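Step one of this worksheet: look at the structure below.
This is the structure in structure tokens:
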């Protein structure tokens, strides 16, 4: 059965979150580890594909094949200076793809693969989709996905493509600060009073500031500003550079002599100490095995030192805030609330500087920094899906977002001619007329850019196309009409037409950085192919986990049974060495999940019977003559405990292990397998 509504997804650089409108409120959905946010990590390890917490755990251990920061690559060229800078710090390989885009190389199932950032993001989206399906008990087909307000056209389209690959119809792409404003304003909609809100969205990899007017259910963006390459990871990088300098100065160890595995571990420790210093004034980076003599490396850090190392980062944040205020023609006194969003907004120095800028104003704490964006996306998903399970709370919600950067075309001498100015409310359509520069010119190249500089070479090129078949005439006579249309997702379509008499030609721009529909379909097929393979690998992993739990439990109980064992118990535990041998030497030869499940179920039945007998003899004792001469059926035990039943279904947790359930993982891949 398919869920009629839609889910809201905050697809973050470092962490992602999913929510759904249920029972007159938004429910933030926990993942299969019980966490309400999920690391945006994908790991290709041991012939398996892991997503989320499991993948990030491998990163902390320095494992190869762990991919993260896909959001910093999505929609970007390999030659982009941002990509060239970032790839120096990543433990995974980034290469140039066929179209000049940035792709990641991984080893999986014995072969090298080049993956687009969209494919990595699609894995994360598919995982969140499966979490929502487990929560709702229904298939999910539609979603609203958020992006940074400063994402350009190609980055927005690439995010939509990732949703398609994950098997989702993306109803709308909305800006993260706008979604957070919905979370802030939903319960204030009935107040009727207009208020100006500044949303300060400082996430793991991106930073946005939006000034939004909230009045009733209308959320109107007045101005937006930001940096798609500024976030908490830059704080991590500053701490990493500080630690590497300390290692070099104290021990003479250069960065080049450290393995990628050790660098990954050190990077994880830097992230940990950053979090510690948000609620404590002192912390330390500690790492075993880094020093040549095997001693533990320890670097003590104070909050004051972190603030000193990150002075420039925090200053960049404040300058973005000031630009947004200027764009909105507002002063700090005009802002009623400052809403903090994103994990990095918890940094005390950031909050202190904001309070100082806004003259002691209390920062808004009514929204959860990690969940506000997913919350707002879930509300908008509810509205756009037709108000499934209609609610008066969402009935009047209207979003009026804006274009973050001016967009236009290149004219003669490389000048940038703006067609739609930044902070124009969308959806929006604008038309301008142009002409030829040479006599009898039969074609023109229309190059589309976004930015605020007067020359195109200083702005970002979105794409180009050639309009040919122009009627021969003197230069300046033909009329070429160029129309820019920005939809509610913030995605741009450009059309051009030459009109002379009754002749009209129109072409639609195709951004070379975008994926074609054929490429998207191919990626879906790749996801299908590896989903089936991964499902088998995950079935093997689950089988090992389930049976190991049974074997450990049985052996623990056997230690309580006095010897010699009864004849009946000896018969019932005879399967144990064979079961262990099957797990250790034969399980990996099974090639489909169904046959693995059948074998596991058989061994579990034997283990359950043995466990019942062992528990009885361990509790009551055994002596010759008091054996029950049972028939060997399953009804001779003293318990059908919930614990045994859960183990039988493969959801048991080994006592004291703290390991979460793993059953749902293979469902993620099965969902991909059903994607069409």
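In the numbering used here, the protein residues as written are -14 to 661. For every residue, glycine included, the Cβ atom is placed at its ideal position computed from N, Cα and C. Given the structure is predicted, the values throughout are model-derived calculations rather than measurements.
Contact under 8 Å by Cβ, residue i with residue j
| i | j | result |
| --- | --- | --- |
| residue -5 | residue 473 | no |
| residue 340 | residue 354 | no |
| residue 249 | residue 47 | yes |
| residue 522 | residue 581 | no |
| residue 364 | residue 167 | yes |
| residue 471 | residue 394 | no |
| residue 156 | residue 477 | no |
| residue 408 | residue 308 | no |
| residue 385 | residue 203 | yes |
| residue 462 | residue 390 | no |
| residue 88 | residue 82 | yes |
| residue 59 | residue 25 | no |
| residue 79 | residue 29 | no |
| residue 315 | residue 181 | yes |
| residue 305 | residue 259 | no |
| residue 281 | residue 271 | yes |
| residue 71 | residue 135 | no |
| residue 158 | residue 475 | yes |
| residue 469 | residue 405 | yes |
| residue 312 | residue 208 | yes |
Exposure label - residue i; buried when at least 16 CB within 10 Å
| i | result |
| --- | --- |
| residue 186 | buried |
| residue 423 | exposed |
| residue 337 | exposed |
| residue 94 | exposed |
| residue 267 | exposed |
| residue 624 | Model confidence at residue 624 stands at a pLDDT of 42, short of 50, so the residue's coordinates are unreliable; what they give is reported in the following sentence. Counting Cβ neighbours within 10 Å, residue 624 comes out exposed, since fewer than 16 surround it. |
| residue 547 | exposed |
| residue 300 | exposed |
| residue 274 | exposed |
| residue 326 | buried |
| residue 640 | Because residue 640 sits at a pLDDT of 33, beneath the cut-off of 50, its placement in the model cannot be relied upon, and the following sentence gives the value as read from the coordinates. Label assigned to residue 640: exposed. |
| residue 132 | buried |
| residue 459 | exposed |
| residue 40 | buried |
| residue 16 | buried |
| residue -2 | buried |
| residue 589 | buried |
Boundaries (first-last residue) of the alpha helix (DSSP H) holding residue i
| i | result |
| --- | --- |
| residue 247 | 245 to 261 |
| residue 366 | 357 to 369 |
| residue 557 | 552 to 557 |
Check: residue i C-beta below 7 Å from any heavy atom of the ligand NAD
| i | result |
| --- | --- |
| residue 81 | The model depicted lacks the ligand NAD and carries no ligand whatsoever. |
Rounded straight-line distance, which links the Cα of residue j to that of residue i
| i | j | result |
| --- | --- | --- |
| residue 493 | residue 128 | Because the pLDDT at residue 493 is just 49, under 50, the model does not fix this residue reliably, and the point stays unresolved. |
| residue 189 | residue 392 | 27 Å |
| residue 216 | residue 144 | 19 Å |
| residue 533 | residue 601 | 22 Å |
| residue 415 | residue 112 | 39 Å |
| residue -12 | residue 12 | 15 Å |
| residue 457 | residue 482 | 15 Å |
| residue 261 | residue 595 | 48 Å |
| residue 328 | residue 1 | 11 Å |
| residue 565 | residue 542 | 17 Å |
| residue 351 | residue 323 | 11 Å |
| residue 577 | residue 20 | 30 Å |
| residue 124 | residue 154 | 13 Å |
| residue 403 | residue 137 | 16 Å |
| residue 554 | residue 545 | 13 Å |
| residue 163 | residue 572 | 50 Å |
| residue 617 | residue 568 | Interpretation of residue 617 is limited by its pLDDT of 41, a score under 50 that renders its predicted location unreliable; no figure is taken from the coordinates. |
| residue 252 | residue 225 | 6 Å |
| residue 319 | residue 310 | 9 Å |
| residue 452 | residue 526 | 56 Å |
| residue 317 | residue 119 | 45 Å |
Unbroken beta strand (DSSP E) run spanning residue i, endpoints
| i | result |
| --- | --- |
| residue 564 | Unbroken run through residue 564 is the alpha helix (DSSP H), 560 to 566; no beta strand (DSSP E). |
| residue 205 | 203 to 212 |
| residue 223 | Note, residue 223: premise wrong, no beta strand (DSSP E); alpha helix (DSSP H) at 217 to 236. |
| residue 384 | 383 to 385 |
| residue 280 | From DSSP, residue 280 is part of no beta strand (DSSP E); its letter is neither H nor E. |
| residue 449 | 445 to 453 |
| residue 477 | 477 to 484 |
| residue 28 | 27 to 30 |
| residue 344 | First-last for residue 344: undefined, no H or E at that position. |
| residue 14 | Premise fails: residue 14 is in no beta strand (DSSP E) and is neither H nor E. |
So within the region 131 to 196, which uninterrupted alpha helix (DSSP H) runs reach at least 4 residues, ignoring any that extend past its ends? The qualifying runs are 138 to 150 and 161 to 170.
Which runs of the alpha helix (DSSP H) at least 4 residues long sit entirely within the region 290 to 334? Give them in chain order. Scanning the region 290 to 334 for uninterrupted alpha helix (DSSP H) segments of 4 residues or longer gives 296 to 312, listed from N- to C-terminal end.
Length-filtered (3 minimum) beta strand (DSSP E) runs lying within the region 32 to 119: Qualifying beta strand (DSSP E) stretches, in chain order: 33 to 36, 78 to 81, 87 to 93 and 96 to 100.
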